[in-house]
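J.: Okay, handing you the structure first.
Residue numbers (my numbering): 26 to 221.
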């Protein structure tokens, strides 16, 4: 199945899976070095702004992130090419991290953050931007809807849960930061193309 994927999307998935397997060997060491720790923490390191996105909490966490990357990354890679997909993904990962750190610094929260969701939410936004009428079927419940509606609903849910704090243990603002970074990246590329 992975052999059917374009190379950049396949590489991102394989790197995530490889790092997840390494995590199982030394979970505390990997979390201490590579999870995204708050700015005031003695464990914070600059590389964590990217590295956190390659760590995952459990099989369900990595499965859903990689499934989304599998579903939507390949369409973007066919449209943009591999180099741009990787660059876009990493921008979304970075803006997700910066957003989460900003929110954490205001709230005083000290939890570390892991997971590819910030990058994945950016990929979701880009998919809806370029393929707004493409039908997407939710896993639970299996309801078909156009991509633009799917992403809008997800974004609003993330905002609701982030503001209300009703779903603890999930970095909702990192997800929103990934979407914001994705939107800014797309707008920048479109503006640059228009004036070049």
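Glycine included, each C-beta is placed from N, C-alpha and C at the ideal position.
Would you grab the beta carbon distance between residue 149 and residue 95 for me? Rounded to a whole angstrom, and I think it's under 8 Å.
T.: Counted from its first residue, the chain shown places residue 149 at position 124. Counted from its first residue, the chain shown places residue 95 at position 70. Going by Cβ atoms, the distance from residue 149 to residue 95 rounds to 12 Å, so no, they are not a contact pair.
J.: For residue 168, does the three-state DSSP call read helix, strand or coil?
T.: Here residue 168 corresponds to residue number 143 of the chain shown, with the count starting at 1. In the structure shown, residue 168 sits in coil (DSSP, three-state: anything other than H, G, I, E or B).
J.: Assuming residue 122 contacts residue 77 under a Cβ cut-off of 8 Å, what Cβ separation, rounded to an integer in Å, is found between them?
T.: Locating residue 122 in the chain shown gives position 97, where the first residue counts as 1. Locating residue 77 in the chain shown gives position 52, where the first residue counts as 1. About 6 Å separates the two Cβ atoms, so the contact holds.
J.: Residue 92 and residue 40: beta carbons closer than 8 Å?
T.: If you number the chain shown from 1, residue 92 lands on position 67. If you number the chain shown from 1, residue 40 lands on position 15. Cβ atoms of residue 92 and residue 40: not closer than 8 Å.
J.: Does the beta-carbon distance from residue 125 to residue 199 come in below 8 Å?
T.: One-based indexing of the chain shown puts residue 125 at position 100. One-based indexing of the chain shown puts residue 199 at position 174. Closer than 8 Å, so yes.
J.: So what does DSSP say about residue 138, is it helix, strand or coil?
T.: Reading the chain shown from its first residue, position 113 is the one you call residue 138. The answer is strand: DSSP assigns residue 138 an E or B state.
J.: Suppose contacts are defined by Cβ-Cβ distances below 8 Å. Is residue 55 in contact with residue 147 by that definition?
T.: On the chain shown, position 30 is the one that residue 55 refers to. On the chain shown, position 122 is the one that residue 147 refers to. No, the pair does not count as a contact, with Cβ atoms beyond the cut-off.
J.: For residue 160, which three-state DSSP category applies?
T.: Residue 160 sits at position 135 when you count from the first residue of the chain shown. Three-state DSSP puts residue 160 in a strand.
J.: Count the C-beta pairs between the region 136-143 and the region 50-67 that are closer than 8 Å, then say yes if the count reaches three, no if not.
T.: The region 136-143 vs the region 50-67: in contact.
J.: Which residues in the same chain as residue 157 place their Cβ atom closer than 6 Å to its Cβ, once the five residues preceding and following it in sequence are excluded?
T.: Working through the chain shown from its first residue, we reach residue 157 at position 132. These residues qualify, in order along the chain: 172 and 173.
J.: Count the other C-beta atoms from every protein chain shown that fall within 10 angstroms of the C-beta of residue 90, then say buried if there are 16 or more, exposed otherwise.
T.: If you number the chain shown from 1, residue 90 lands on position 65. Label assigned to residue 90: buried.
J.: DSSP three-state label for residue 30, please.
T.: Position 5 of the chain shown holds residue 30. Here residue 30 sits in coil by DSSP.
J.: Measuring CB to CB, does residue 202 end up less than 8 Å from residue 143?
T.: Residue numbering aside, residue 202 sits at position 177 when the chain shown is read from its first letter. Residue numbering aside, residue 143 sits at position 118 when the chain shown is read from its first letter. Against a cut-off of 8 Å, the Cβ pair of residue 143 and residue 202 comes out as a contact.
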